[in-house]
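Quick note on the working numbering: the sequence shown kicks off at 699 and runs consecutively. Working notes, structure below.
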Amino acid sequence: MYWIKCGRRLMLVTGLVLLGCTAKEAEDPQAEHVVTVDVAPVLSSPISLKITADALLYPRQQAAIVPKISAPVKKFYVDRGARVRAGQLLAELENRDLAGAAAENQAASEQAEANYQTVLRATVPEEVQKAELDVRAAKDVMEAQQKIYENRQALYREGAISQREVNDAQVTLSQARNQYEIAQKHLEGVQSVSREQAVKAAAAQRDAAKARYESAQAQLSYSRITSPIAGVVTDRPIYAGEMASSGAPIITVMDLSQVVARAHVSQEEAKYLKANATATIVTADGGAAVPGKVTLISPALDPASTTVEVWVEAANPGDRLKPGTSLRVEMVAQTVPSALVIPQAAVLTSPSGNTSVIVVDSENKPHKKSVTLGIRDSGNVQVTEGLESGERVVTAGAFELSKLEEGVLAKTKVQIQPPKEEEDEK
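The following block contains the structure:
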């Protein structure tokens, strides 16, 4: 806030002996003399506590792009200063060997998939065929023993054979039935295990081949260098044909649409700051101030300086502000919308730290008043106690008046003179 020019230049009539006085006047303690001072009214006005600090400028986003593979640069598609989009192709590395490996692994993957499908539609394996033959043989034996048993029962009823022979036939039939059941269970087990194992093996081969193909495809894709962000190419340290290393950036892209000024403030100042507080970035070249806002107040102290890092973010149309620039930031920490405000020049501070001002009353007499101060901003200061809106305080000349004894100050009168601008006009 800039102080509104409404000061008055006053002519102070005191009991002091000034240059040019007559001897008679010097002997007269009641003689009045004139001293020129300036005054300003106590205004009700907004005032803000502002914290300023040196800062260094950074881009909002930066990508130092490092290739994932080492290979010669086949071609660059952008130069320094070029504006790029997120996902845009910036460069391509030599990739003939990678392309060949990808094609080979693709063929192997397709073959493994075909084998898997064949297994799913495959005929019964040899183990299953043998088990099926065993089942049929056991069934034939069981059926034959069944007929023998039935025949012996008929002969026994006719009295041709003994009961013992019937019993022997029955035992043999039971054994044949057991063998048939065992053969059936074996067939079921062979069918289940053989098919499951064959399908699993084919699926594993297919998956392994697919993984090798995807890995080869990924390696091939790494030869295409794209930008992860939109911005401006600020660095390209190598040329086409040179070896790009997987450990070093080959292109740097910065997003300069927004910039961040990083500053450090004391712990005492940091406690007044809040996120989204209004701020201003001021460059050293005296250019127009850039409006911004506080976006970060570090929750931890910088161990080296025991200060708090603060970020101020601002729009950067036309890329006017350059990363790496040293500048200053001014952050609004607190605002009083309707405060009693006087010029800082009107404040008198005693050796003990007490503050006061010289007030001119309606009869143009100066009086000294103790005041309590609050926020200071741009040559102005808030008065929290001791003054009322509309009162007049002495600015230029206040210090000289403060040195007068109370008795002398009480007999002093002030005569208002027109401001210098008005005198010049006359």
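All residues carry an ideal CB built from backbone N, CA and C; glycine is no exception.
Annotated three-state conformation of lysine 1020 is coil, per DSSP. Within the same chain, and ignoring the five residues on either side of glutamine 917 in sequence, the residues whose Cβ sits closer than 6 angstroms to its Cβ are Leu796. The beta-carbon distance between isoleucine 949 and valine 931, rounded to whole angstroms, is 6 angstroms. This is short enough to meet the 8 angstroms contact definition. Looking at the DSSP output, threonine 981 bridges to Leu1025. Rounded to the nearest whole angstrom, the CA to CA distance from proline 1035 to isoleucine 745 is 7 angstroms. By a beta-carbon distance limit of 8 angstroms, glutamate 792 contacts alanine 769. Their separation comes to about 5 angstroms. Spanning the alpha carbons of threonine 870 and glutamine 844 requires a straight line of approximately 9 angstroms.
Linking alanine 810 to alanine 900 through their CA atoms gives a straight-line distance of about 7 angstroms.
The Cβ neighbour count for asparagine 1078, taken over all protein chains shown within 10 Å, is at least 16; the residue is labelled buried.
Taking glutamate 1028 as the centre and dropping the five residues before and after it, the same chain places the C-beta of Lys748, Thr750, Ala977, Thr978 and Val980 closer than 7 angstroms to its C-beta, in chain order. By the neighbour-count criterion, in which a residue is buried when 16 or more other Cβ atoms sit within 10 angstroms of its Cβ, asparagine 1014 is buried.
Here alanine 946 is exposed: its Cβ has fewer than 16 other Cβ atoms, across all protein chains shown, within 10 Å. A check of alpha carbon separations from tyrosine 775 across Ala1043, Gln786, Lys766 and Asn865 identifies Gln786 as the nearest. Between the alpha carbons of glutamate 912 and histidine 962 lies a gap of roughly 48 angstroms. When Pro1064, Thr1082 and Lys1020 are compared, the shortest CA-CA separation from glycine 1095 is found for Pro1064. Pairing leucine 994 with leucine 954, the inter-Cα distance amounts to about 18 angstroms. For serine 996, the secondary structure class from DSSP, reduced to helix, strand or coil, is strand. From the listed residues Val951, Gly985, Arg855 and Asp866, the smallest Cα separation to alanine 784 is found for Val951.
Of the residues Pro739, Thr734, Leu741 and Pro757, the one whose Cα lies closest to the Cα of arginine 1018 is Pro757. Isoleucine 1040 is positioned such that its CB atom lies closer than 8 angstroms to that of valine 1081.
Within 10 angstroms of the beta-carbon of isoleucine 923 lie 16 or more other beta-carbons, which makes it buried. Within the DSSP bridge table, the entry for glutamate 1083 names Thr1070 as partners. Valine 931: member of the beta strand (DSSP E) spanning 929 to 933, first to last residue. With contacts defined as CB atoms closer than 8 angstroms, leucine 1085 and valine 740 qualify as a contacting pair.
Inclusion of glutamine 1032 and isoleucine 1073 in the CB contact set at 8 angstroms is warranted, their separation being smaller than that value.
Under DSSP, the beta-bridge partners assigned to proline 989 are Thr978. When the Cα atoms are used, glutamate 1089 and asparagine 974 turn out to be separated by approximately 36 angstroms.
Looking from the CA of alanine 1044, the closest CA among Val1069, Lys991, Gln760 and Gly1022 belongs to Val1069.
Spatial neighbours of valine 839 in its own chain (CB-CB distance under 6 angstroms, excluding positions within 5 residues in sequence) are listed in chain order as Ala874. Per DSSP, the continuous beta strand (DSSP E) segment holding valine 1091 begins and ends at 1090 to 1092. According to the DSSP assignment, glutamine 760 belongs to the beta strand (DSSP E) that extends over 741 to 763. A straight line joining the alpha-carbon of valine 1008 with that of glycine 779 spans about 29 angstroms. Between alanine 800 and alanine 914, the C-beta spacing is below 8 angstroms. Glycine 990 and alanine 1012 do touch by the CB rule: their CB atoms are close to 3 angstroms apart, below 8 angstroms.
Within the DSSP secondary-structure output, alanine 1037 pairs in a beta bridge with Ser743. By the neighbour-count criterion, in which a residue is buried when 16 or more other Cβ atoms sit within 10 angstroms of its Cβ, proline 935 is exposed.
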